[in-house]
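**Q** Have a look at the structure that comes next, please.
Residue numbers (UniProt numbering): 1 to 741.
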């Protein structure tokens with residue numbers, strides 16, 4: 001049904017940006033960027049009848065008009081009339097109902113259907129025939145509709161936690177997977193936004209000591225064709241179809257039945273509850289590609305509006321630096337506007353506290369490669385709304401010249417893959433080689449020391465601000481230190497498997513990285529039967545896990561834990577569980593005594609980090625001066641208690657390192673920390689550094705060789721030596737008499 005009766009007496013004042021802008025009566029304007037379209041119809045669902053309103057005005061690439069009756073709950077979509085020329089990247093097909101890219105709600109979660117493709121497809125969702133023929137199938141009955149929502153919500157005085165970067169501890173989790181099996185969450189809330197905001201969950205997180213949850217994508221998403229063919233789903237959600245609407249399937253069944261507004265309000269309630277517990281909320285956002293993929297993908301929104309405007313085309317081909325077949329074009333002013341509007345919306349209306357940008361190097365690309373001063377990156381870091389929240393880059397993509405760790409502009413922080421790789425090598429793959437070959441000269445401590453001090457080799461030397469030598473706009477917190485993430489093995493699996501086991505993904509174990517830098521401690525996988533938890537194999541794996549966690553949480557920089565690593569979660573060797581919406585990915589909350597002991601060790605480490613400011617220095621560390629110690633310094637020692645020399649740093653057979661972190665004067669004196677990290681095969685008796693280094697009562701504050709930290713010795717160290725067990729981390733507190741004046 002067609003109707004284009006707008007209020008023609010209303011003066012045609014162009015909207016300042018795309019999207020729907022209406023008052024409480026549903027009157028206002030609607031605009032969409034579609035520069036190459038011949039015409040655009042706004043299609044409104046009125047009681048099952050689809051009313052078409054031709055957008056009459058065109059200004060600066062925007063098709064727009066005045067609208068009425070667009071009240072909350074109204075379903076609408078877009079139909080675009082334009083050229084069909086796939087060879088030129090043009091897919092105009094008015095039979096496809098498209099999402100408004102700026103919609104704040106969508107009608108429902110949907111599997112990928114053949115009706116969503118702009119061209120004819122076969123039963124396997126592949127293009128039918130040798131050439132792309134426009135689909136004649138109207139998808140009105142199956143389409144995902146945009147839904148009008150309201151920003152009215154009772155925030156109950158919500159306050160952002162505003163956690164300083166130097167106090168931040170990130171915790172990466174999946175909204176569904178974290179609570180799907182949680183016994184203390186009501187069954188109807190498990191695996192939902194409401195479940196994540198439940199007191200049992202927020203209480204667990206705060207008790208553990210984390211400050212900031214980093215959520216895998218919650219933008220509305222859709223599965224890719226190859227997963228649909230396999231009968232799998234994109235569980236992680238890195239397949240966005242709408243950058244401003246939340247994913248409906250992560251809401252409770254009641255909210256999904258009630259509609260888009262209830263889903264949106266459940267997200268807001270989750271954020272409000274997390275904030276009330278003192279927890280920040282960071283969203284993982286995917287602005288480098290969409291669920292439409294490349295040349296063989298569906299037409300859900302941007303492809304049908306103006307494929308060449310939104311996607312980066314290399315002549316007639318899709319440029320792919322994301323590994324998905326297509327790439328959003330960050331050079332386009334309309335793409336930049338969409339990304340910036342999406343970010344601002346989630347901050348201003350949903351109250352999130354920051355973003356982790358998936359494959360962020362793509363957002364800084366132009367025709368010549370990555371630019372830290374790219375207009376989009378500059379717009380983000382100078383935006384008065386966005387510069388106040390946490391900005392975290394995944395500083396690479398899969399294109400040529402795609403690795404840029406340390407190269408993003410302040411105030412971005414960045415996932416530090418060098419920390420991940422070097423810590424894994426020190427604790428796992430180097431040890432595996434030494435054990436197999438019987439050659440102790442594998443590894444060394446030089447790279448480990450660099451990662452323990454916030455990777456200044458990356459975050460100062462690659463700082464794009466080009467300040468004079470020795471100066472940088474970056475701080476240690478710019479290094480997001482992690483050993484595991486959603487990509488790759490869990491911590492337990494790093495100590496259990498040396499090869500990936502991704503057979504469940506349907507690709508004959510070809511997917512996922514083979515560069516795991518893991519060590520199974522002599523046996524691949526979990527023992528089938530017969531081994532108790534006191535068995536040396538399992539005990540050794542747990543000891544290594546404690547050592548890795550201690551290294552992560554005691555290093556300078558911003559630590560990130562992956563959900564469940566603190567109690568030994570396993571994915572049974574699957575290092576690419578993006579398509580496993582089942583027990584492989586869901587967190588199992590059935591904890592054994594040894595699992596609880598590992599969790600308690602993490603709590604102890606996070607308490608140490610919170611209580612000792614020198615572990616959270618706001619500046620890159622300087623060599624220590626024993627005559628004028630301060631918390632911004634570091635000194636290094638070998639097992640004999642003497643300082644490290646050049647030859648020591650270059651010695652591949654050295655596998656023990658002691659790091660002195662001077663303390664802050666307090667009412668009871670200064671407590672300096674001596675952190676000892678060893679992957680030696682035998683016990684080493686460490687000699688404590690002598691004068692002029694700090695001298696005083698010395699106590700063991702943490703020892704990763706102990707499964708139960710309550711068994712730490714209570715008295716001071718005697719005799720000037722400390723036994724360091726193989727593959728362990730010890731934290732010593734040295735108290736000296738300097739007090740606050």
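Cβ atoms here follow ideal geometry from the backbone N, Cα and C, with glycine treated the same way.
How many angstroms separate the CA atom of residue 192 from the CA atom of residue 159?
**A** Near 23 Å, if we compare the C-alpha coordinates of residue 159 and residue 192.
**Q** What number of angstroms, rounded off, separates the C-alpha of residue 402 from the C-alpha of residue 494?
**A** Spanning the two alpha carbons is a distance of roughly 26 Å.
**Q** Go to residue 346, then tell me how far its alpha helix (DSSP H) extends in each direction, as first and last residue.
**A** Run containing residue 346: 333-348, per the alpha helix (DSSP H) assignment.
**Q** Taking the runs of the alpha helix (DSSP H) that are 4 residues or longer, which of them lie wholly in the stretch 506-585?
**A** Segments of the alpha helix (DSSP H) lying fully in the stretch 506-585: 536-554.
**Q** From this set, 111, 528, 723, which residue's C-alpha is nearest residue 572's C-alpha?
**A** Checking every option, the nearest Cα to that of residue 572 belongs to 528.
**Q** Using the beta-carbon count (16 or more within 10 Å), is residue 7 buried or exposed?
**A** For residue 7, the predicted model reports a pLDDT of 49, less than 50, meaning its position is unreliable; a value from the coordinates is still stated below. By the neighbour-count rule (16 or more Cβ atoms within 10 Å), residue 7 is not buried but exposed.
**Q** Beta carbon of residue 467, beta carbon of residue 545: below 8 Å?
**A** Not closer than 8 Å, so no.
**Q** Going by the DSSP bridge assignment, what does residue 31 pair with across the sheet?
**A** Residue 31 pairs with 19, 64.
**Q** So, using beta-carbon positions, are residue 290 and residue 232 closer together than 8 Å?
**A** In this structure, residue 232 does not lie closer than 8 Å to residue 290 by Cβ.
**Q** Are the Cβ atoms of residue 352 and residue 423 separated by less than 8 Å?
**A** Result no, Cβ atoms of residue 352 and residue 423 do not sit closer than 8 Å.
**Q** Is it right to say residue 62 is buried, meaning 16 or more other beta carbons lie within 10 angstroms of its own, or is it exposed?
**A** Its Cβ being crowded by 16 or more others within 10 Å, residue 62 is buried.
**Q** Can you give the Cα-Cα distance for residue 741 and residue 664, rounded to whole angstroms?
**A** Because the pLDDT at residue 741 is just 48, under 50, the model does not fix this residue reliably, and the point stays unresolved.
**Q** So, under 8 Å CB-CB, residue 358 and residue 285 are touching, yes? Tell me the CB distance rounded to an integer number of Å.
**A** Indeed they touch by this definition, with Cβ atoms about 7 Å apart.
**Q** In this structure, how does DSSP classify residue 98 when only helix, strand and coil are distinguished?
**A** In the structure shown, residue 98 sits in a strand (DSSP, three-state: E or B).
**Q** Ignoring anything shorter than 4 residues or poking outside the stretch 580-630, list the alpha helix (DSSP H) runs there in chain order.
**A** Fully enclosed alpha helix (DSSP H) runs of 4 or longer: 593-611.
**Q** Please list the terminal residues of the continuous alpha helix (DSSP H) segment that includes residue 377.
**A** Per DSSP, residue 377 belongs to the alpha helix (DSSP H) from 375-382.
**Q** One question on the structure: do residue 340 and residue 383 come within less than 8 Å of each other, judged by their Cβ atoms?
**A** Yes; because the gap between Cβ atoms is below 8 Å, this pair is in contact.
**Q** Which residue marks the beginning of the alpha helix (DSSP H) containing residue 354, and which one marks its end?
**A** Per DSSP, residue 354 belongs to no alpha helix (DSSP H); it is in the beta strand (DSSP E), 354-357.
**Q** If we count the other Cβ atoms within 10 Å of its Cβ and call it buried at 16 or more, is residue 556 buried or exposed?
**A** Looking at its Cβ environment, which holds 16 or more other Cβ atoms inside 10 Å, residue 556 is buried.
**Q** Report all residues from its chain with a CB closer than 7 Å to the CB of residue 547; omit the five preceding and five following residues, and keep chain order.
**A** Only 427, 704, 727, 728, 729 meet the Cβ criterion.
**Q** Pick from 543, 616, 145, 567: whose alpha carbon is nearest that of residue 779?
**A** Not covered by the structure: residue 779. The range shown for the chain is 1 to 741.
**Q** By DSSP's criteria, residue 657 is part of a beta bridge. Which residues make up the other side?
**A** According to DSSP, residue 657 bridges with 677.
**Q** Please check the pair residue 194 and residue 266, which I expect to be a contact at CB under 8 Å, by giving their CB distance rounded to whole angstroms.
**A** Yes, they are in contact, since the Cβ atoms of residue 194 and residue 266 sit about 6 Å apart, within 8 Å.
**Q** For residue 279 versus residue 176, is the C-beta distance shorter than 8 Å?
**A** The answer is no: Cβ separation not under 8 Å.
**Q** Spatial neighbours of residue 33 within its chain, please: C-beta separation below 6 Å, excluding the five flanking residues on both sides.
**A** Excluding residues within five positions, the ones whose Cβ falls inside 6 Å are 18, 61, 62, 334.
**Q** What does the Cβ neighbour count give for residue 690, buried or exposed, with the cut at 16 atoms within 10 Å?
**A** By the neighbour-count rule (16 or more Cβ atoms within 10 Å), residue 690 is not buried but exposed.
**Q** Look up residue 413 in the DSSP assignment and give the residues it is bridged to.
**A** 392, per the DSSP bridge assignment.
**Q** For residue 131, name the three-state secondary structure that DSSP assigns.
**A** Coil at residue 131, not helix or strand.
**Q** Around the Cβ of residue 680, are there at least 16 other Cβ atoms within 10 angstroms (buried) or fewer (exposed)?
**A** Looking at its Cβ environment, which holds 16 or more other Cβ atoms inside 10 Å, residue 680 is buried.
**Q** Keeping to the same chain, check which residues put their C-beta closer than 7 Å to that of residue 197; ignore five residues upstream and five downstream.
**A** Cβ neighbours of residue 197 beyond the five flanking positions: 269, 270, 273, 274.
**Q** Just to confirm, are residue 282 and residue 355 a CB contact at a threshold of 8 Å?
**A** Yes.
**Q** Just tell me which of 677, 44, 78 has its CA closest to the CA of residue 306.
**A** Checked all of 677, 44, 78; the closest Cα to residue 306 is 78.
**Q** Pairing CB atoms from the stretch 627-641 with CB atoms from the stretch 575-584, are three or more of them under 8 Å?
**A** They do not touch, by the three-pair rule.
**Q** I need the straight-line Cα distance from residue 551 to residue 100, nearest angstrom please.
**A** Distance between the alpha carbons of residue 551 and residue 100 is about 47 Å.
**Q** Tell me which residue opens and which closes the beta strand (DSSP E) that residue 637 is part of.
**A** That run of the beta strand (DSSP E) goes 633-637.
**Q** Can you pull the DSSP bridge partners for residue 171?
**A** Answer is 213, 561, bridged to residue 171.
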